[in-house]
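Participant: Before I ask anything, let me first share the structure, which is written out below as structure tokens.
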Amino acid sequence: MKRLAASCLLTLFVSAPWATMSGRATYISDGDTLWVKPTTGGKPIKLRLQGIDAPEVCQPGGTEARDALKRLVAQRSLQVESVGRDAWGRTLARISIDHQDIGARLVQGGHAWSDGFRGDPGPYAAEEASARRAQRGLFEQAKPERPRDFRLRHGPCEVPQ
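Residues in the sequence shown are numbered consecutively from 14, following the numbering used here.
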């Protein structure tokens with residue numbers, strides 16, 4: 014039974030509606046969530062950047078993280094690689110511009126954490142360590158509060174979708 018449950022969960026995380034596309038950002042709700050309109054047409058697709066966790070917009074550093082993502086993607090052609098869905102059904106994606114990983118840039122700039130799981134430091138651990146050493150962005154604070162801890166204490170922010 015445990016294997017079946019694990020298999021179902023794994024399928025949820027790795028199944029993706031498409032593999033790659035290019036497009037332009039139409040809306041950025043926070044530092045790790047944006048809508049991208051495919052170059053081929055159709056409605057914008059809501060994406061969550063894989064491997065990072067940016068502060069909620071209503072917590073310290075949240076609007077700065079959202080604005081940093083806006084600056085990085087504004088009026089640019091984005092290359093999007095779908096990597097699956099998370100436990101909430103959101104499409105997870107890696108996004109790059111001219112072969113530069115947007116998640117890495119946000120973490121390096123101190124606008125997000127490398128999002129690890131169960132002891133794994135996540136894909137951007139080196140970028141986070143660099144931002145911490147340089148005390149960039151969130152890491153100017155002695156103990157910045159991770160978004161999941163903030164949500165546990167305060168609940169989710171009210172963000173218009």
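Don't be surprised by glycine CBs; every beta carbon is placed ideally from N, CA and C.
Let me check one thing: in DSSP terms, what residues is Asp99 bridge-paired to?
Facilitator: Answer is none; Asp99 lacks a bridge partner.
Participant: On the three-pair Cβ rule with 8 Å, is the segment 74-92 touching the segment 118-137?
Facilitator: yes
Participant: Roughly how many whole angstroms lie between the Cα atoms of Val86 and Asp111?
Facilitator: 11 Å
Participant: Can you give me the C-alpha to C-alpha distance between Val93 and Ile108, rounded to a whole angstrom?
Facilitator: 5 Å
Participant: Counting only the same chain and skipping the five closest in sequence on each side, list residues whose C-beta sits under 6 Å from that of Pro51.
Facilitator: So the list reads Met34 and Gly36, once near-sequence residues are dropped.
Participant: Just confirm the distance between the C-beta atoms of Arg61 and Thr104, as a whole number of angstroms; I'd bet it's less than 8 Å.
Facilitator: Right, the Cβ-Cβ distance comes to about 7 Å (below 8 Å), so this counts as a contact.
Participant: Applying the 10 Å Cβ sphere with the 16-neighbour rule, what's the burial state of Pro169?
Facilitator: Counting Cβ neighbours within 10 Å, Pro169 comes out exposed, since fewer than 16 surround it.
Participant: With DSSP collapsed to three states, give me the class of Ala29.
Facilitator: With a pLDDT of only 46 at Ala29, under the threshold of 50, the placement of this residue in the model should not be trusted, and no figure is reported.
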